[in-house]
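Undergrad:
Number of protein chains: 2
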Amino acid sequence: MDDWLKDSAEVEASWVTVDLAIFTIRSGQLMVLLIERGVEPFLGRPALPGGYVQKDETLREGALRELREEAGIDGTKLHLEQLGAYGDPRRDPRGRVVTIAYLALGPDLPAPVGGTDARRAYWAPVSQLEGEGTALAFDHAAILAEALEQVRSKLEYTAVATAFCGELLTLSELRTVYEVVWGQQLDPSNFRRKVLNTTGFVKSTREQRFPHTGRPAVLYRRGDAWLLNPPLLRGTGHTV
Amino acid sequence: MDDWLKDSAEVEASWVTVDLAIFTIRSGQLMVLLIERGVEPFLGRPALPGGYVQKDETLREGALRELREEAGIDGTKLHLEQLGAYGDPRRDPRGRVVTIAYLALGPDLPAPVGGTDARRAYWAPVSQLEGEGTALAFDHAAILAEALEQVRSKLEYTAVATAFCGELLTLSELRTVYEVVWGQQLDPSNFRRKVLNTTGFVKSTREQRFPHTGRPAVLYRRGDAWLLNPPLLRGTGHTV
DNA sequence: ACAAAAGTGTTTCTGGTACACCCATGG
DNA sequence: CCATGGGTGTACCAGAAACACTTTTGT
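For the record, the sequence lines run as chains A and B. With the first letter of the first sequence counted as 1, position 191 gets the number 191 in the numbering used here; the numbers rise by one all the way through. With the first letter of the second sequence counted as 1, position 71 gets the number 1071 in the numbering used here; the numbers rise by one all the way through.
(1) Output the distance between the C-alpha atoms of B/K1006 and A/W182, rounded to the nearest integer angstrom.
(2) Flag this pair as touching only if the stretch 1020-1038 of chain B and the stretch 61-79 of chain A have three or more C-beta atom pairs under 8 Å; answer yes or no.
(3) For A/E10, name the three-state secondary structure that DSSP assigns.
(4) Below 8 Å, how does it come out for the stretch 1142-1161 of chain B and the stretch 1217-1232 of chain B: are there three or more Cβ pairs, yes or no?
(5) State the CB to CB distance for the pair A/V18 and A/G44, rounded to an integer number of angstroms; the pair is presumed to be in contact (CB under 8 Å).
(6) Consider the Cβ of B/V1016: report whether some Cβ of chain A lies at a distance smaller than 8 Å.
(7) Locate the beta strand (DSSP E) running through A/R221, then write down its first and last residues.
(8) According to a CB-to-CB cut-off of less than 8 Å, which residues of the stretch 1088-1101 of chain B neighbour chain A?
(9) Can you tell which of A/A137, A/S153, A/W123 has its C-alpha closest to the C-alpha of A/V113?
(10) By the criterion of Cβ-Cβ separation under 7 Å, what are the contact partners of B/D1056 in chain A?
(11) Using the beta-carbon of each residue, which ones in chain A are nearer than 8 Å to B/G1084?
(12) Go ahead and pull the three-state DSSP assignment for B/V1177.
(13) Give a yes or no on contact between the stretch 1174-1188 of chain B and the stretch 1128-1145 of chain B, applying the rule of three or more CB pairs nearer than 8 Å.
(14) Taking the Cβ atom as the reference point for each residue, do B/A1063 and B/Y1086 lie within a distance shorter than 8 Å?
(15) Considering Cα atoms alone, identify which of B/F1042, B/D1074, B/L1080 is closest to B/L1059.
(16) Could you check whether the Cβ of A/E10 sits closer than 8 Å to any Cβ belonging to chain B?
(17) Output needed for B/Q1128: all residues of its chain with C-beta closer than 8 Å, excluding positions within five of it in sequence on either side, in chain order.
(18) What's the C-alpha gap between A/W15 and A/R94?
(19) Select from A/P41, A/D56, A/A121, A/G28 the residue whose C-alpha is nearest the C-alpha of B/D1092.
(20) With 8 Å as the threshold, decide whether the Cβ of A/L186 is near any Cβ in chain B.
(21) Counting only beta-carbon separations shorter than 8 Å, does B/P1230 have a partner in chain A?
(22) Consult DSSP for A/V202 and reduce its assignment to one of helix, strand or coil.
(23) By Cβ distance, which residues of its chain are closer than 7 Å to B/V1195, with the 5 residues on each side in sequence left out?
(24) Of the choices B/T1198, B/R1221, B/T1213, B/P1107, whose alpha-carbon is the least far from that of B/L1030?
(25) Do B/A1104 and B/G1075 come within 8 Å of each other at the CB atom, strictly closer than that value?
(26) In three-state DSSP terms, what is B/P1093?
(27) Is the beta carbon of A/T199 sitting closer than 8 Å to the one on A/A217?
(28) Against A/L233, what residues of chain B qualify as contacts under a CB-to-CB distance less than 9 Å, listed in chain order?
(29) Would you call A/G214 buried or exposed, if buried means 16 or more other Cβ atoms sit within 10 Å of its Cβ?
(30) By the 10 Å Cβ neighbour count, where 16 or more other Cβ atoms means buried, how is B/T1162 classified, buried or exposed?
(31) Given a cut-off of 8 Å, decide if A/T205 and A/L168 are closer than it, judged by their beta-carbon atoms.
(32) Quick one: what's got a C-beta closer than 6 Å to B/Y1052's C-beta in the same chain, skipping five residues either side?
(33) In chain order, what residues of the same chain lie with their CB nearer than 7 Å to the CB of B/V1240, ignoring the 5 residues before and after it?
(34) Would you report the Cα separation of B/H1238 and B/G1028, rounded to the nearest angstrom?
(35) Measuring alpha carbon to alpha carbon, tell me which residue in A/F138, A/A137, A/L144 is nearest A/V126.
(36) Closer than 7 Å by beta-carbon distance: list the chain A residues that pair up with B/A1013, in chain order.
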């Protein structure tokens, strides 16, 4: 790039990347997609998937492309939102790299494939990462922590929880999403009433799903509402 | 910067800027700081203050520096938080410029001075900008809109409203902040109870402030709490 | 005395919590 | 029939909303 833009010697161009915190729920656990880095720096260390933003794409398009390339996931089907920008000049040993972190949520996603500069990609249980200090590359531990808090908090006042479910979902499934993400049991009957009284959260279909044992559950689809009013707060909640 | 980083011809370095949406309350109105651009592009058009991030500063430090340089404001005294990154490749006619938007809130701030590439700086009433389509430079109208929604929503579930007040504040002042930002009257007595029942929102002092007429008000300081639980929701609220 | 602003009290109503209970299905 | 999960009903309580009322100041 030419430098007809800058007017001071203190200014220089930066590399801009996107990093993705992709969450899903598998086997009753909240999982995040990690890669094992196949290039320096931090060779061999776990990291969030991501890569350089290309010349003619928006940041969001870059995130969608990385989602596809590094994780083999079709991003048009899942929820994707920007988390924030991380630009400490010392966050990357190679020089100034500003990264835009994105948060992605999807229903039980396929086993990922390794990408270009990743040895392999895998789902890691969040509970495990939070406890011990699994040393992620760069400042990815901080990004992951912010992403987690964002997810937990967004469940309270938006209908984003449905992003963890397939197109057709039961209220139990939706409740399980809340329980897994918040790490807290919820009262099934109260949860049910809350959701159904929130107009536009879900809309019922005439179909049913049959559990292994027990009464069949009515299937719902996502509704039009995004903001929940009143919100569904994770308070002291139900006895754990 | 060398290009030992990139591995594809599709990748190129970007200029990174910070832009600031600085809000304050003056004469009973929510105001945002705008500059009149003194350089191309968008010469003469109103814009949010901002500028290039320098070599060895974090994004936040860049925002604080621009706050000082472009608005003559000591940023250590006010609330500053990141809003998000805007990186559409067409947002700046000169080329790829990714901007990190910051949101700043402060008590009745001084009349600003023009900065380096601003002809002048001034406080503009938000109500005026929202109505008509005052054509801001770049994508600053979108940034401003998101900043506004962020402020309004953060008042609900954080104690950020105190950032609009001085060190010592009365409950009426605090209520006025909510009323001005939300554009909605609140019941003084209910507001009072809410705030005082939220532990850590404010702590009382023994001092008083005397209005022009009427009973003197007790002065409070900011408390330690940041999250409000339960939140203070702008619902249908009090009759307007 | 009056106006104005601060502050208290009270009633009503909505919505959250906890929990008892009924329903529909597979085994 | 029983176990299991889906779904309904209800009593109780905290907090929001509306509003009447008291207190303390300046003029």
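Note that CB positions come from ideal geometry on N, CA and C, so glycine has one too.
TA: Looking at the atomic coordinates:
(1) Counting from one through the second sequence, the residue named residue 1006 of chain B turns up at place 6. Counting from one through the first sequence, the residue named residue 182 of chain A turns up at place 182. Residue confidence is low: B/K1006 scores 49 on pLDDT, short of 50, so the model does not pin down where it sits. No coordinate-derived value is stated.
(2) The answer is no - the stretch 61-79 of chain A does not touch the stretch 1020-1038 of chain B, with fewer than three Cβ pairs under 8 Å.
(3) On the first sequence, position 10 is the one that residue 10 of chain A refers to. In the structure shown, A/E10 adopts coil according to DSSP, grouped into three states.
(4) Touching, per the Cβ criterion.
(5) Residue mapping note: residue 18 of chain A aligns to position 18 of the first sequence, counting from 1. Residue mapping note: residue 44 of chain A aligns to position 44 of the first sequence, counting from 1. About 22 Å; that fails the 8 Å criterion.
(6) In the second sequence, the residue the question calls residue 1016 of chain B occupies position 16. Yes, contact with chain A.
(7) The sequence position of residue 221 of chain A within the first sequence is 221, counting from 1. DSSP places A/R221 inside the beta strand (DSSP E), whose first and last residues are 217-222.
(8) Within the stretch 1088-1101 of chain B, the residues whose Cβ lies closer than 8 Å to some Cβ of chain A are D1088, P1089, R1094, G1095, R1096, V1097, V1098, I1100, listed in chain order.
(9) Working through the first sequence from its first residue, we reach residue 113 of chain A at position 113. Nearest of A/A137, A/S153, A/W123 to A/V113, Cα basis: A/W123.
(10) Mapped onto the second sequence, residue 1056 of chain B falls at position 56. Within chain A, the residues near B/D1056 are P89.
(11) Start at 1 with the first residue of the second sequence, and residue 1084 of chain B comes out as number 84. Under the 8 Å cutoff, chain A gives Q82, G84, A85.
(12) Taking the first residue of the second sequence as 1, we reach residue 1177 of chain B at position 177. In this structure, B/V1177 counts as helix in the three-state DSSP scheme.
(13) Segment contact: the stretch 1174-1188 of chain B against the stretch 1128-1145 of chain B, fewer than three CB-CB distances shorter than 8 Å; contact not assigned.
(14) Taking the first residue of the second sequence as position 1, residue 1063 of chain B is located at position 63. Taking the first residue of the second sequence as position 1, residue 1086 of chain B is located at position 86. Not in contact: B/A1063 and B/Y1086 (Cβ atoms no closer than 8 Å).
(15) Residue numbering aside, residue 1059 of chain B sits at position 59 when the second sequence is read from its first letter. Out of B/F1042, B/D1074, B/L1080, B/L1080 has the C-alpha closest to the C-alpha of B/L1059.
(16) Working through the first sequence from its first residue, we reach residue 10 of chain A at position 10. Yes, A/E10 counts as interfacial toward chain B.
(17) Looking up residue 1128 of chain B in the second sequence gives position 128. Excluding sequence positions up to five before and after B/Q1128, its CB lies within less than 8 Å of the CB of T1134, all in the same chain and listed in chain order.
(18) Counting from 1 along the first sequence, the entry for residue 15 of chain A is found at position 15. Counting from 1 along the first sequence, the entry for residue 94 of chain A is found at position 94. When rounded, the distance between both Cα atoms is 10 Å.
(19) If you number the second sequence from 1, residue 1092 of chain B lands on position 92. The shortest Cα separation from B/D1092 among A/P41, A/D56, A/A121, A/G28 belongs to A/D56.
(20) Within the first sequence, residue 186 of chain A is the residue found at index 186, counting from 1. Interface residue (Cβ-Cβ distance to chain B less than 8 Å): A/L186 is not classified as such.
(21) Mapped onto the second sequence, residue 1230 of chain B falls at position 230. Any Cβ of chain A closer than 8 Å to the Cβ of B/P1230 would place that residue at the interface, and such an atom is present.
(22) In the first sequence, counting from the first residue as 1, residue 202 of chain A sits at position 202. In this structure, A/V202 counts as strand in the three-state DSSP scheme.
(23) Here residue 1195 of chain B is taken as the residue at index 195 of the second sequence, counted from 1. Around B/V1195: L1171, L1174, F1201, V1202.
(24) Here residue 1030 of chain B refers to the residue found at position 30 of the second sequence. Measuring from the Cα of B/L1030, the nearest candidate turns out to be B/P1107.
(25) Within the second sequence, residue 1075 of chain B is the residue found at index 75, counting from 1. Within the second sequence, residue 1104 of chain B is the residue found at index 104, counting from 1. Yes, they are a contact pair.
(26) Here residue 1093 of chain B is taken as the residue at index 93 of the second sequence, counted from 1. Coil, per DSSP.
(27) For the purposes of this step, residue 199 of chain A is taken as the residue at position 199 of the first sequence. For the purposes of this step, residue 217 of chain A is taken as the residue at position 217 of the first sequence. No.
(28) To locate residue 233 of chain A, count along the first sequence from 1; it is residue 233. The contacting residues are N1229, P1230, P1231.
(29) Taking the first residue of the first sequence as position 1, residue 214 of chain A is located at position 214. The Cβ neighbour count for A/G214, taken over all protein chains shown within 10 Å, is under 16; the residue is labelled exposed.
(30) What you label residue 1162 of chain B is simply residue 162 of the second sequence in a count that begins at 1. With 16 or more other Cβ atoms within 10 Å, it is buried.
(31) Here residue 168 of chain A refers to the residue found at position 168 of the first sequence. Here residue 205 of chain A refers to the residue found at position 205 of the first sequence. A/T205 is positioned such that its CB atom lies closer than 8 Å to that of A/L168.
(32) One-based indexing of the second sequence puts residue 1052 of chain B at position 52. Excluding positions up to five away in sequence, the list reads T1017.
(33) Within the second sequence, residue 1240 of chain B is the residue found at index 240, counting from 1. Legend: pLDDT at B/V1240 = 45, less than 50; position of this residue unreliable, value from coordinates given subsequently. Once the five neighbours on either side are set aside, the close Cβ partners of B/V1240 are Q1184, Q1185.
(34) Working through the second sequence from its first residue, we reach residue 1238 of chain B at position 238. Working through the second sequence from its first residue, we reach residue 1028 of chain B at position 28. A caution first: B/H1238 carries a pLDDT of 47, below 50, which makes its placement in the model too unreliable to give a value.
(35) Here residue 126 of chain A refers to the residue found at position 126 of the first sequence. Out of A/F138, A/A137, A/L144, the CA that lies nearest to the CA of A/V126 is found in A/L144.
(36) As a working note, residue 1013 of chain B is residue 13 in the second sequence. Result: M1, A13, S14, W15.
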